[in-house]
Amino acid sequence: MVADRTVSRRHCTITLRDGRFVLKDHSTNGTYVTAEGGADILAQSEEVILGRRGRIGFGRPPDVGPEEALEYDGGSELQPQIPT
């Protein structure tokens, strides 16, 4: 559980699709995905394919609210991206 007013009850979901982890934002404030060594990607009612490692921020970038950020290791060599 994340105790922060910027986090929705069902903020986002992560599913495994075709061998890739995909984050889908369901929130009002958006979900930030930051790949290891990369820039922040803001998903607002969008899907983001998660890369190998990074951090997820709920309603704010992970480096702004690090105590509420989630680190992930997805085991993929892909960089995060919003599918087109």
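The sequence shown begins at 0 in numbering that gives the first Met the number 0 and counts up one residue at a time.
Backbone N, C-alpha and C define an ideal beta-carbon position, used for all residues, glycine too.
None of these values were measured; they are calculated from a predicted model.
The residues T33, P61, A68 and E70, in chain order, have a CB closer than 6 Å to that of R54 in the same chain once the five nearest residues on each side in sequence are set aside.
Secondary structure note for T33: its beta strand (DSSP E) is the uninterrupted segment T30 to A34. Distance from the Cα of Y31 is smallest, within the candidate group V63, E66, G56 and D72, for G56.
Following the DSSP letters along the chain, one finds T14 inside the beta strand (DSSP E) bounded by residues C11 to R16. For D24, the pairing in a beta bridge is given by DSSP as C11.
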